[in-house]
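Enquirer: Sequence order for the protein chains is Z and G.
All residue numbers for the first sequence refer to the UniProt record's numbering, where the first residue is 1 and numbers rise by one.
All residue numbers for the second sequence refer to the UniProt record's numbering, where the first residue is 1 and numbers rise by one.
2 protein chains.
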Amino acid sequence: MSDETGINERHKARMQKIKAARDKIMETKTVEKGLIIVLTGNGKGKSSSGFGMIFRAIGHGMPCAVVQFIKGSMQSAERDLLKAKFAEECPVHVMGEGFTWETQDRERDIVMAEAAWEKAKELIRDDRNRMVLLDEINIALRYDYLDVEAVADFLVNEKPPMTHVVLTGRNAKDMLMDVADLVTEVKEVKHPFRTQGVIAQPGVEF
Amino acid sequence: MSDETGINERHKARMQKIKAARDKIMETKTVEKGLIIVLTGNGKGKSSSGFGMIFRAIGHGMPCAVVQFIKGSMQSAERDLLKAKFAEECPVHVMGEGFTWETQDRERDIVMAEAAWEKAKELIRDDRNRMVLLDEINIALRYDYLDVEAVADFLVNEKPPMTHVVLTGRNAKDMLMDVADLVTEVKEVKHPFRTQGVIAQPGVEF
Chain Z
1 MSDETGINER
11 HKARMQKIKA
21 ARDKIMETKT
31 VEKGLIIVLT
41 GNGKGKSSSG
51 FGMIFRAIGH
61 GMPCAVVQFI
71 KGSMQSAERD
81 LLKAKFAEEC
91 PVHVMGEGFT
101 WETQDRERDI
111 VMAEAAWEKA
121 KELIRDDRNR
131 MVLLDEINIA
141 LRYDYLDVEA
151 VADFLVNEKP
161 PMTHVVLTGR
171 NAKDMLMDVA
181 DLVTEVKEVK
191 HPFRTQGVIA
201 QPGVEF
Chain G
1 MSDETGINER
11 HKARMQKIKA
21 ARDKIMETKT
31 VEKGLIIVLT
41 GNGKGKSSSG
51 FGMIFRAIGH
61 GMPCAVVQFI
71 KGSMQSAERD
81 LLKAKFAEEC
91 PVHVMGEGFT
101 WETQDRERDI
111 VMAEAAWEKA
121 KELIRDDRNR
131 MVLLDEINIA
141 LRYDYLDVEA
151 VADFLVNEKP
161 PMTHVVLTGR
171 NAKDMLMDVA
181 DLVTEVKEVK
191 HPFRTQGVIA
201 QPGVEF
């Protein structure tokens, strides 16, 4: 038997074992439910992952909705694409006016955050929506513009059982992660802002 | 001065300071370049982030392309949506036939991976493409179906300067991260597969 044949056969045996183990695990997975999904961390890709899930859900024909808590005044090409091509499948509600350091006005930020949260509750309660993205809500929670206990309580007690809610933004509060079904931390390993003086570029950063 | 007024004024002063610091940092960022972006880690959201960036780039009117290295036979709603709505803006090339443990055939996997890489090189060399997503290429690299040195060398020496290339998949090789401009690690913190026996669901997992 040649070396190459040996490698291929060992590969096949190993892969059969992995497949059998996976199939066995998958058999135990039987629950279907709407998930509370938190995307947090200091790395790039939280909002793009959230919007990616929205595009994926649209691809499945699932009605969706988006509330942007912070990025209102910023450019957001995903938002523009949703508005241009999928206004019916996924309405986008832009509630925030920019990051907190842009507005520099706490009272106005709080009014905005509360209005965004009222809209979010309305969209989540409407059980025709199968996925609702609350983009950058963690920033509003972090500055206590919204009460994390009220948000966690609503998600646990009022979210329709089959609706997925995706919450993005760095510094997710512990209480939110506690009630979440799925938490992903997006970690910055290397970033060209810092190391190469590269500016924010279309398609990558916004 | 009431407490609330004091809080608001201190907030404003702090936010002005943050804004000034950010503006100063941003002034030093002047370089514009096509980036090598690696999305890796054991968490959910690598491919959805990659596809999210593609949708974002489409929103900017940037011509894009996608090569799927592994997920060929799997359901992929983002791919279906791209094919249905954005075939011109972003052609998708599905080259792989499934995960390695599904095919269990190393020789066929290698032939597939090499064909996918040839297609990827062709798409990257065509400098009309502004962003090229190589979805799950890290799995092909991990099993040595592709030579990481050849891939790294091509990206450094032949990628047109303004093209962004996004490479996804867990277990990214060190050499790839070394040549990357931006590396994000997507970490699993909590996952309902493990903790609640929840199955893979449309919109969330595929």
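Cβ atoms here follow ideal geometry from the backbone N, Cα and C, with glycine treated the same way.
So which residues of chain A does Z/GLN16 contact, with C-beta pairs closer than 7 Å?
Expert: Of the protein chains in the structure, Z and G, none is chain A.
Enquirer: What did DSSP end up calling Z/THR131 once you bin it into helix, strand or coil?
Expert: Residue 131 of chain Z is actually Met in this sequence, not Thr. When DSSP states are grouped into helix, strand and coil, Z/MET131 belongs to the strand group.
Enquirer: Is there a Cβ from chain Z that is less than 8 Å from the Cβ of G/LEU182?
Expert: yes
Enquirer: Using a Cβ cut-off of 7 Å, which residues of the segment 129-142 of chain Z contact any Cβ in chain G, in chain order?
Expert: ARG130 and MET131
Enquirer: If we define contact as Cβ-Cβ less than 8 Å, is G/GLU107 a contact residue for chain Z?
Expert: Yes, its Cβ sits closer than 8 Å to a Cβ of chain Z.
Enquirer: Between the segment 185-198 of chain G and the segment 25-32 of chain Z, do at least 3 Cβ pairs fall closer than 8 Å?
Expert: yes
Enquirer: Quick check on Z/VAL189 - is its C-beta less than 8 Å from some C-beta in chain G?
Expert: Residue-level contact by beta carbon holds for Z/VAL189 and chain G, with a gap shorter than 8 Å.
Enquirer: Does the segment 139-154 of chain Z come close enough to the segment 5-13 of chain Z that 3 or more CB-CB pairs lie under 8 Å?
Expert: They do not touch, by the three-pair rule.
Enquirer: Quick check on Z/ARG56 - is its C-beta less than 8 Å from some C-beta in chain G?
Expert: It does; some Cβ of chain G falls within 8 Å.
Enquirer: Just list the alpha helix (DSSP H) runs in the segment 67-116 of chain Z, keeping only unbroken ones of 4 residues or longer that don't cross its boundaries, in chain order.
Expert: Listed in chain order, they are 77-85 and 100-103.
Enquirer: Which of the three DSSP states is assigned to G/LEU176 in this structure?
Expert: helix
Enquirer: Give the residues of chain G in contact with Z/GLY197, contact being defined as C-beta atoms less than 9 Å apart.
Expert: THR28, LYS29, THR30 and VAL31
Enquirer: Going by C-alpha to C-alpha distance, which of Z/LEU81, Z/GLN104, Z/LEU133 and Z/ASP80 sits closest to residue 230 of chain Z?
Expert: This structure cannot speak to residue 230 of chain Z, because chain Z is shown only from 1 to 206.
Enquirer: At 8 Å on the CB atoms, spell out the chain Z contacts of G/HIS60, in chain order.
Expert: ALA77, PRO202 and GLY203
Enquirer: How would you label G/ALA172, buried or exposed, when you count the other beta carbons within 10 angstroms and need 16 or more for buried?
Expert: buried
Enquirer: By alpha-carbon positions, which one of G/MET62, G/ILE137 and G/ALA21 ends up nearest to G/ARG170?
Expert: The option with the nearest alpha carbon to G/ARG170 is G/ILE137.
Enquirer: Sorted by chain position, which residues of the same chain lie with C-beta nearer than 8 Å to G/MET177's C-beta, five sequence neighbours on each side aside?
Expert: Short of 8 Å from the beta carbon of G/MET177, and not among the five residues preceding or following it, lie these beta carbons of its own chain, in chain order: VAL38, THR40 and VAL183.
Enquirer: Please go through the segment 22-73 of chain G and give each complete alpha helix (DSSP H) segment of 4 or more residues, from N-terminal end onward.
Expert: 46-59
Enquirer: Run down chain G in chain order and give the residues with a C-beta less than 9 Å from the C-beta of Z/GLU158.
Expert: Here the premise fails: no neighbours, minimum Cβ distance about 19 Å.
Enquirer: If you pair each beta-carbon of the segment 42-49 of chain G with each one of the segment 107-121 of chain G, do three or more pairs fall below 8 Å?
Expert: No, the segment 42-49 of chain G is not in contact with the segment 107-121 of chain G.
Enquirer: Residues in the segment 37-56 of chain G with C-beta within 9 Å of chain Z's C-beta atoms, listed in sequence order?
Expert: ILE37, VAL38, LEU39, THR40, GLY41, GLY43, LYS44, GLY45, LYS46, SER47, SER48, SER49, GLY50, PHE51, GLY52, MET53, ILE54, PHE55 and ARG56
Enquirer: In the DSSP assignment, find the beta strand (DSSP E) that holds G/GLU188 and state where it starts and stops.
Expert: 182-190
Enquirer: Look up G/THR163 in the DSSP assignment and say whether it is helix, strand or coil.
Expert: Three-state result, G/THR163: coil.
Enquirer: At the level of alpha carbons, what is the spacing between G/ASP181 and Z/VAL165?
Expert: Rounded to the nearest whole angstrom, the CA to CA distance from G/ASP181 to Z/VAL165 is 32 Å.
Enquirer: Figure out for me which residue from Z/LEU123, Z/GLY59 and Z/SER76 has the closest Cα to the Cα of Z/PHE154.
Expert: Z/LEU123
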